[in-house]
Amino acid sequence: MKILAQISRVIVSLLFIFSGLIKLNDPVGTQYKLEEYFEVFAADLPPFHDLFMAMVPFALYFSVFLCVAEVVLGIALLLGYKPKTTSWLLLLIILFFTFLTFYSAYFNKVTDCGCFGAAIKLTPWTSFGKDLFLLVLIIIIVLYRSKFKALPTGMLVMLATVGSLGVAFYALRHLPLIDLLPYRVGASIPEQMKPSEAFRYQYIFEKNGETFKYEQYPSDTTLTYKDMVVLNPEAAPKITDYRVWKGDIDFTEESFQGKKLFVILKNFTDINTAALPGIQKLITELGSSDVQPIILSSGSSDRIESFIEQHQLNAPYYFVDGTVLKTISRSNPGLWLLEDGVVKGKWHYNDTPTAQDVLTLVR
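Numbering (full-length UniProt numbering), first residue to last: 1 to 363.
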């Protein structure tokens with residue numbers, strides 16, 4: 001069992017470090033997942049509605065804490081730092097994650113738990129199975145923690161904590177170091193809205209108690225149809241909800257034509273208005289170029305028009321679903337540059353480019 005405990009220690013360490021680093025790269029993404037959980041619990045547990053809704057504004061702090069904790073505990077376990085404390089903290093955090101993934105799977109809520117950020121998508125039941133597997137390994141670690149050699153590696157754990165916080169701080173002040181989202185620089189949005197290849201299907205029938213599977217729909221009328229399964233689900237479009245509109249006007253296809261700099265205003269509650277003068281200056285400087293500035297938001301027409309007038313943002317506006325805007329930009333406001341539907345640039349408001357920077361990317 002000592003060997004099994006050591007193997008468990010390495011597996012749990014590496015998975016926690018990997019999971020934490022992936023999420024630290026994009027703490028805002030984890031924030032959105034936590035907000036989703038809080039809102040689901042508020043709706044499903046009415047007596048605790050106010051408590052969970054009160055936690056929503058603090059979701060980003062919880063996000064950073066959980067992501068840093070994953071990395072630091074993984075490194076502490078790998079180094080053998082305070083094995084008793086580390087193993088019990090790991091048990092607590094995996095119990096928390098296991099509850100969340102079970103709730104997601106059983107009640108079909110928050111169907112993407114974000115366990116590995118945007119890097120690896122898991123189904124709810126797969127996520128729950130993964131957490132059960134980790135739970136078993138961590139229980140083994142707790143039972144055999146006395147077999148691990150405690151090492152004086154406090155300085156390394158401290159460095160890991162500071163480094164993890166540094167990664168999170170950078171991602172929040174700028175954008176993720178590695179953009180894994182479908183709206184990343186270099187990606188073609190129209191191409192990702194199409195299947196990568198034609199779908200292939202398997203048709204399942206029964207006859208006289210036997211099951212038959214076909215890749216072409218059979219002509220035998222004596223067969224009883226039971227099910228149809230997609231054989232290549234990975235061919236599905238990566239983007240299914242991108243749509244740009246205003247009233248009865250669908251601007252989606254036109255948004256892929258030519259050179260367009262989109263100013264993303266996700267909402268008007270937590271927007272950094274101090275960044276708007278720089279964006280307003282950029283819009284003005286691009287006025288004589290062939291790059292068209294356009295504002296994308298999910299607010300109401302009256303709210304958008306009032307906001308544009310107040311901050312002198314001289315650009316037309318269109319609507320995009322709020323969830324899509326969150327995926328496009330982790331910054332509010334944010335900037336997103338497209339040329340013929342291909343993403344050429346993406347900026348946090350702290351890194352607002354000059355007009356020359358923008359024009360250089362689309363020449």
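Virtual Cβ for every residue (Gly too), placed ideally from N, Cα, C.
Exposure of residue i, with buried meaning 16 or more beta-carbon neighbours within 10 Å
i           : result
Ser300      : exposed
Gly74       : buried
residue 381 : Limits of the chain in this structure are 1 at one end and 363 at the other, which puts residue 381 out of reach.
Trp125      : exposed
Trp245      : exposed
Ile304      : buried
Tyr217      : exposed
residue 391 : Since the displayed the chain opens at 1 and closes at 363, residue 391 lies outside it and no answer follows.
Ala43       : exposed
Leu45       : exposed
Gln31       : buried
Ala274      : exposed
Lys330      : It should be noted that the sequence gives Arg, not Lys, for residue 330. Looking at its Cβ environment, which holds 16 or more other Cβ atoms inside 10 Å, Arg330 is buried.
Phe38       : buried
Gly247      : exposed
Residue from the options with nearest C-alpha to residue i
i      : options                           : result
Val229 : Thr222, Tyr203 and Thr211         : Tyr203
Ile207 : Lys194, Glu191 and Tyr225         : For the sequence presented, residue 207 should be read as Lys rather than Ile. Measuring from the Cα of Lys207, the nearest candidate turns out to be Tyr225.
Ser188 : Lys259, Asp340, Gly247 and Thr85  : Asp340
Met158 : Asn272, Ala5 and Tyr81            : Tyr81
Ile144 : Lys84, Glu191 and Val162          : Note on residue identity: the sequence assigns Tyr, not Ile, to residue 144. The option with the nearest alpha carbon to Tyr144 is Lys84.
Val185 : Gly345, Ile7 and Tyr349           : Gly345
Asp290 : Arg363, Asp248 and Phe251         : Arg363
Leu132 : Leu151, Phe102, Leu122 and Asn108 : Phe102
Glu254 : Thr30, Lys326 and Val342          : Val342
Ser298 : Pro277, Thr269 and Ala274         : Thr269
Glu215 : Leu92, Asp227, Thr222 and Thr221  : Asp227
Phe96  : Gly163, Gly247, Ala69 and Ile141  : Ala69
Gly20  : Ile93, Ser331, Tyr183 and Ser219  : Ile93
Lys238 : Pro195, Thr153, Val142 and Val358 : Pro195
Phe16  : Thr123, Leu100 and Thr86          : Thr86
Gly154 : Asp357, Ser288, Leu78 and Val142  : Leu78
Thr222 : Gly29, Val28, Trp347 and Gly209   : Gly209
Pro277 : His49, Phe251 and Pro333          : Pro333
Pro152 : Ala76, Phe99 and Ser127           : Ala76
Thr240 : Trp347, Met193, Asp250 and Phe251 : Met193
Identity of the residues DSSP links to residue i by a beta bridge
i      : result
Asp227 : Ile204
Phe212 : Phe205
Lys246 : Ile249
Ser13  : DSSP, once it has assigned bridges, lists no residue as partnering Ser13.
Ser188 : Val342
Task: Length at least 3, wholly inside the stretch 61-149: the beta strand (DSSP E) runs in chain order - done: Secondary structure in the stretch 61-149: no beta strand (DSSP E) run of 3 residues or longer lies completely within the stretch.
Open item on the list: With three or more beta-carbon pairs closer than 8 Å as the criterion, would you say the stretch 5-12 touches the stretch 57-70?
Closed with: Taking 8 Å as the limit for Cβ pairs, the verdict is that the stretch 57-70 does not touch the stretch 5-12.
- [ ] Would you mind listing the alpha helix (DSSP H) stretches within the stretch 256-305 that are 4+ residues and don't spill past its ends, in chain order?
- [x] Look at the stretch 256-305 and you find these whole runs of alpha helix (DSSP H), each 4 residues long or longer: 276-285.
Task: Sufficient close CB pairs (3 or more, under 8 Å) joining the stretch 281-291 to the stretch 304-323 - done: With the cut-off at 8 Å, the stretch 281-291 and the stretch 304-323 touch.
Task: the stretch 167-175 / the stretch 22-41 touching (three or more Cβ pairs under 8 Å) - done: Touching, yes.
Open item on the list: Measuring CB atoms only, is the stretch 347-357 touching the stretch 177-197, in the sense that at least three cross pairs come out at less than 8 Å?
Closed with: No contact exists between the stretch 347-357 and the stretch 177-197.
Open item on the list: If we require 3 or more residues per run, which beta strand (DSSP E) segments fall completely within the stretch 311-357?
Closed with: Counting whole runs of 3 or more residues, the stretch 311-357 contains the beta strand (DSSP E) stretches 317-319, 334-339 and 342-348.
Open item on the list: Pairs of beta-carbons, one from the stretch 40-60 and one from the stretch 191-202, closer than 8 Å: are there three or more?
Closed with: Flag = no, the stretch 40-60 and the stretch 191-202 do not touch.
Open item on the list: Is it the case that the stretch 317-327 contacts the stretch 260-276, given that we only count it when at least three CB pairs across the two stretches are under 8 Å?
Closed with: The answer is yes - the stretch 317-327 touches the stretch 260-276, with three or more Cβ pairs under 8 Å.
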